[in-house]
Amino acid sequence: MPWSWSQNGPPIIDAVGDQVYCPMTQIPVTTYFNITDPENSGIRELFIQISTGYAVNEDRLSLTGTHPHVETSWNNTQGKLTLSGVGNTLIPYPDLINAVRDVVFESNSASISGDRYFSFTIGNANYLPSTGHYYEFIPSVGITWREAVVAASNLTYYGLQGYLATIGSSEEAQLAGEQASGAGWIGGTDEDEEGVWKWATGPEAGDVFWIGAANGSAPPGQYANWNTGEPNNLGGEDYVHITAPNVGLRGSWNDLSNTGSTSGDFQPKGFIVEYGGMPDDPEIDISGSTKITINTTLQAINLPSPTLLFMECDSDADGDPANGFTTFDLNFYMPDLLNGSAVSDFDFNFYTDSNYTDLISDPSNYTNTVQDGQPIYVRIFNDEFGTCSIDTSISVGVAKLPVVPNEITYQNCDEDGIADGFTDFNLDEIDGLLNTNNASGLSISYHLTELDANQNTSSLNPLSFNNSIASTIYARVENAEGCYTVSTINLQVSTTSFPENHLQTLEVCDDDGMNDGFNEFDLRANERQFLFQFPTGQNLSVHYYEDFKDAQLNQNEIQNTSSYVNRTAFSQTIHVRVQSADNGDCFGVGSHLQLKVNPLPEFSVSQSEGLCLNGDPIVLTIENPTGNYSYVWTNASNEIISTSATAAVTTAGTYTIIASSDGCDSLPINYIVEASEIANLTDVSISIADLSNSKTITIDTSILGAGDYEYSLGNRYGPYQDSPTFTNVSAGVYSFYVNDKNGCGIAETKVYVMGFPKYFTPNDDGFNDRWNIEGFEGQFSAQSYIEIYDRYGTFLARIQPNGLGWDGTYKGQPLQATDYWYLAQFLDDEGQTRNYEGHFSLIR
Numbered sequence: 002m003p004w005s006w007s008q009n010g011p012p013i014i015d016a017v018g019d020q021v022y023c024p025m026t027q028i029p030v031t032t033y034f035n036i037t038d039p040e041n042s043g044i045r046e047l048f049i050q051i052s053t054g055y056a057v058n059e060d061r062l063s064l065t066g067t068h069p070h071v072e073t074s075w076n077n078t079q080g081k082l083t084l085s086g087v088g089n090t091l092i093p094y095p096d097l098i099n100a101v102r103d104v105v106f107e108s109n110s111a112s113i114s115g116d117r118y119f120s121f122t123i124g125n126a127n128y129l130p131s132t133g134h135y136y137e138f139i140p141s142v143g144i145t146w147r148e149a150v151v152a153a154s155n156l157t158y159y160g161l162q163g164y165l166a167t168i169g170s171s172e173e174a175q176l177a178g179e180q181a182s183g184a185g186w187i188g189g190t191d192e193d194e195e196g197v198w199k200w201a202t203g204p205e206a207g208d209v210f211w212i213g214a215a216n217g218s219a220p221p222g223q224y225a226n227w228n229t230g231e232p233n234n235l236g237g238e239d240y241v242h243i244t245a246p247n248v249g250l251r252g253s254w255n256d257l258s259n260t261g262s263t264s265g266d267f268q269p270k271g272f273i274v275e276y277g278g279m280p281d282d283p284e285i286d287i288s289g290s291t292k293i294t295i296n297t298t299l300q301a302i303n304l305p306s307p308t309l310l311f312m313e314c315d316s317d318a319d320g321d322p323a324n325g326f327t328t329f330d331l332n333f334y335m336p337d338l339l340n341g342s343a344v345s346d347f348d349f350n351f352y353t354d355s356n357y358t359d360l361i362s363d364p365s366n367y368t369n370t371v372q373d374g375q376p377i378y379v380r381i382f383n384d385e386f387g388t389c390s391i392d393t394s395i396s397v398g399v400a401k402l403p404v405v406p407n408e409i410t411y412q413n414c415d416e417d418g419i420a421d422g423f424t425d426f427n428l429d430e431i432d433g434l435l436n437t438n439n440a441s442g443l444s445i446s447y448h449l450t451e452l453d454a455n456q457n458t459s460s461l462n463p464l465s466f467n468n469s470i471a472s473t474i475y476a477r478v479e480n481a482e483g484c485y486t487v488s489t490i491n492l493q494v495s496t497t498s499f500p501e502n503h504l505q506t507l508e509v510c511d512d513d514g515m516n517d518g519f520n521e522f523d524l525r526a527n528e529r530q531f532l533f534q535f536p537t538g539q540n541l542s543v544h545y546y547e548d549f550k551d552a553q554l555n556q557n558e559i560q561n562t563s564s565y566v567n568r569t570a571f572s573q574t575i576h577v578r579v580q581s582a583d584n585g586d587c588f589g590v591g592s593h594l595q596l597k598v599n600p601l602p603e604f605s606v607s608q609s610e611g612l613c614l615n616g617d618p619i620v621l622t623i624e625n626p627t628g629n630y631s632y633v634w635t636n637a638s639n640e641i642i643s644t645s646a647t648a649a650v651t652t653a654g655t656y657t658i659i660a661s662s663d664g665c666d667s668l669p670i671n672y673i674v675e676a677s678e679i680a681n682l683t684d685v686s687i688s689i690a691d692l693s694n695s696k697t698i699t700i701d702t703s704i705l706g707a708g709d710y711e712y713s714l715g716n717r718y719g720p721y722q723d724s725p726t727f728t729n730v731s732a733g734v735y736s737f738y739v740n741d742k743n744g745c746g747i748a749e750t751k752v753y754v755m756g757f758p759k760y761f762t763p764n765d766d767g768f769n770d771r772w773n774i775e776g777f778e779g780q781f782s783a784q785s786y787i788e789i790y791d792r793y794g795t796f797l798a799r800i801q802p803n804g805l806g807w808d809g810t811y812k813g814q815p816l817q818a819t820d821y822w823y824l825a826q827f828l829d830d831e832g833q834t835r836n837y838e839g840h841f842s843l844i845r
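Residue 465 in my numbering sits at position 464 of the sequence shown; the count goes up by one each step and never skips.
So this is what it looks like as structure tokens:
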């Protein structure tokens, strides 16, 4: 074992850790670990031991992660994990530090308890953090107690003086006994005085730790760990020896003689050396320790957040059902507080103050002392840990009872056709009388007996309950907190009613634009007439229904009474209920309102007509009337021009006709009369483009007149076209017609489309050898002519439109190929002169 180090001393170990352990998991044994050694770069071994609280075969230390320079061995007896270099080489400190930080503790026991302390040492001796001492078993079979005392005193551990171990606590006993590598002598004896056991070695030398035999006791502040029936002083047994592992309690003591047995379990196998605590010991820091705390049950409680509020209903047990005080069984709420943890595992104390001093003596029958919510402070003890506890709180509050009348009388009309004092009631109508404060979240049910109401059983169907079954029933009114009040309901049948055959009628015109027999009604229009049928001073209200049964049971009331649209076309019966606005008592119910929708007159008109400015007046007429109506015609100035089915007009404009029947006016229909006239067709209005290959005739429509016109070229009877333009017109004389679509006449004129060739080829081939106007053979008088000039203005020839034309010669000589100019003057058969000029090409 390394009882010495380099001249500069051993390395310094720094280990930190104080954690809480969850059963059946792994946890690192340190939250921080470091080794300081200025002289060396590594170490061959490091020992990590469960030095306190070790449970053999359950607890275990192991190395996790990847550490190629470190190998481990686990000693299950000692609860010790050894970290050593691979192949007995040094472990570099950085690798060792990382390895230690990856060492984890785990237990295979789900019921693990107690704390665990871990020691970290560079030597093989066991280190106990609670004493700061080191413990080591030295094997030496047959060694006597006195020899062991001397041998122990000759040993040192990193400068600490050794001595035969003195055990002062259960942790020390476990580490030096149960977790030692062997059993042997420790430093206790009663050789000076039989039955007075004292320590003979170490700092505790002379301290008495036991007085008496097996039935003796330890003095105050002392500790002993005798095996069952020990000490028994059989044959001069005056020296303390740790019992062999298979004899009695593991790690416990028995008394032996100085030599012990020569063989077997009571033969000394060695001795336990303790290092530390001697006056001249140096201060060394070759070990460290950490701790985990195990509190399985208390830590497992998942306390709710925010604070739970538990409500109970107010009661009249104290004589006042609305004072905000009642009794609570606080234990009843603990399952909710523990949030799934078993109540049987815990004890509870309840307090009224946050300092946990004012204990509630009887939590099962506690009356709150604060209205509108009171905090209760709870201290939870775990049976397993005793004094270990956690603190929390709950709140208790008193829920108010629903405020309802103790008794109500509700009246309905006997309108079922049998005057026997029995009728159907809609019990839901009583809800509003019970809930006069319009409280939200109330649940109301009705029962035949008060017992049923209290037990909330056998509730009645609220619709169509007949008072022949019972005239007194009971209402259970329950709020959202589950608190309820029972009220007595007396059912009575009213003796008032509407006069026989009483009927009010509302008529409207079907003026909503649909004319389908449906329209809006203000059902309240005749409300006064209904109220006048009953005595005054009653604070009555009128209600309307589509179904008589609904009116009788006061259900499915029409809500939109100011703009109600009838559901049956043209005529519908509405059922009226008059009742008290104070308590809902019925005064009269029946089919007393008739709705009537009068259809609007329907007819048609052509809606447009043409008026010839040069013609007679036109007569406007209506078409397809569906009834016998009266009519009113008006002009654009809203002046009446006719009150019959027809109207004669002489001016253009918009005319309106309205038909009336049963006080209902039709929708106004406009009749548009448009002015028209025969076209004013002149030469100015006609434009002819005839000097190009594509000859075109275009009419200027802006000066034709007020008509709606169409156009035809060459035929009075058409076809006509809407476009005023004609294209690709051949040369010639045409009759042109403009027709007014409104029948005001056809205007007619002649148009001349000239055909002057652009070129000719006088080469005597029989084709195009002469130049002359085209398309007008025999159309012009003999006074018509065409003169031809060259580009210099030289007169070359005069030809007749009806002649053969120019042959391209001047004074018998052919002229050169070039452009030539013409001046044409035509006299038509109406004596109109037309002049044209242009040019053409001579091509050789």
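Glycine included, each C-beta is placed from N, C-alpha and C at the ideal position.
Sequence-distant Cβ neighbours of His576 in its own chain, meaning closer than 8 Å and more than five residues away, are Tyr545, Tyr546, Glu547, Asp548, Phe549, Asp551, Ala552, Val590, Gly591, Ser592, His593 and Leu594. Judged by DSSP secondary structure, Gln79 falls outside any alpha helix (DSSP H); it is assigned neither H nor E. In the structure shown, the three-state DSSP call for Ser572 is strand.
For Asp453, the uninterrupted alpha helix (DSSP H) segment begins and ends at Glu451 to Gln456. Comparing alpha-carbon positions, the option among Asp60, Glu508, Ile377 and Arg117 lying closest to Asp523 turns out to be Glu508. Each of Ile445, Leu452 and Glu313 was checked against the Cα of Asn462, and the nearest Cα belongs to Ile445.
In this structure, Thr486 sits away from Tyr475, with a CB-CB distance that is not shorter than 8 Å. Within the segment 393-435, complete alpha helix (DSSP H) segments of at least 4 residues are found at 432-435, given in chain order. Residues Ser63, Leu64, Leu82, Thr83, Leu84 and Ser85 of the same chain have their beta carbon placed closer than 8 Å to that of Thr73, with the five preceding and five following residues left out of the count.
Between the alpha carbons of Trp822 and Gln722 lies a gap of roughly 37 Å. Around the C-beta of Gly196, fewer than 16 other C-beta atoms lie within 10 Å, and the residue is accordingly described as exposed. Judged by DSSP in its simplified three-state form, Leu62 adopts strand. In the three-state reduction of the DSSP assignment, Arg835 falls in the strand class. With respect to Asn226, Ala215 sits apart: the two C-beta atoms are not nearer than 8 Å.
By the Cβ criterion, the segment 375-384 is not in contact with the segment 451-460, since fewer than three pairs of Cβ atoms, one from each stretch, lie closer than 8 Å. Its chain contains Leu91, Pro93 and Tyr94 as the residues whose beta carbon lies nearer than 8 Å to that of Ser42, once the 5 sequence neighbours on both sides are disregarded; these appear in chain order. A straight line joining the alpha-carbon of Leu435 with that of Asp586 spans about 14 Å. Selection Gly756, Thr697, Thr328 and Leu714 evaluated against Asn729 yields Thr697 as nearest (Cα-Cα). With 16 or more other CB atoms across the displayed protein chains lying within 10 angstroms of its CB, Ile789 is buried.
In its chain, beyond the 5 residues on either side, His134, Gly203 and Pro204 have a beta carbon closer than 7 Å to the beta carbon of Gly278. For Thr562, the closest of Arg525, Phe571, Ser355 and Ala649 by C-alpha to C-alpha distance is Arg525. By the C-beta density criterion, Pro403 is buried, having at least 16 other C-beta atoms within 10 angstroms. With three or more CB-CB distances shorter than 8 Å, the segment 739-754 counts as touching the segment 608-621. Annotation for Asp820: Arg792, His840, Phe841, Ser842 and Leu843 place their beta carbon closer than 8 Å to its own, counting only its chain and skipping 5 residues before and after. Distance between Ile14 and Tyr136, taken at the CA atoms: about 18 Å. Relative to the Cα of Ser564, the nearest Cα in the group Glu521, Asn803 and Ile144 belongs to Glu521. By a beta-carbon distance limit of 8 Å, Leu97 does not contact Ile49. Their separation comes to about 11 Å. Counting only the Cα atoms, Pro815 lies some 27 Å from Asn694. Runs of beta strand (DSSP E) with 3 or more residues, each lying fully within the segment 279-319, are found at 288-295 and 310-314, listed in chain order. Taking every protein chain shown into account, the CB of Tyr718 has fewer than 16 other CB atoms within 10 angstroms, so this residue is exposed. Sixteen is the threshold: since fewer than 16 other Cβ atoms of the shown chains lie within 10 Å of the Cβ of Glu640, the residue is exposed.
Taking C-alpha positions only, Ile700 is separated from Ser688 by approximately 6 Å. Per DSSP, the unbroken beta strand (DSSP E) holding Ile642 starts and ends at Ile641 to Ser643. Comparing C-alpha distances from Ser394 to each of Thr368, Cys414 and Leu339 shows the shortest one belongs to Leu339. Sequence-distant Cβ neighbours of Gly54 in its own chain, meaning closer than 7 Å and more than five residues away, are Gly115, Asp116, Arg117 and Tyr118.
The three-state secondary structure of Asn89, taken from DSSP, is helix.
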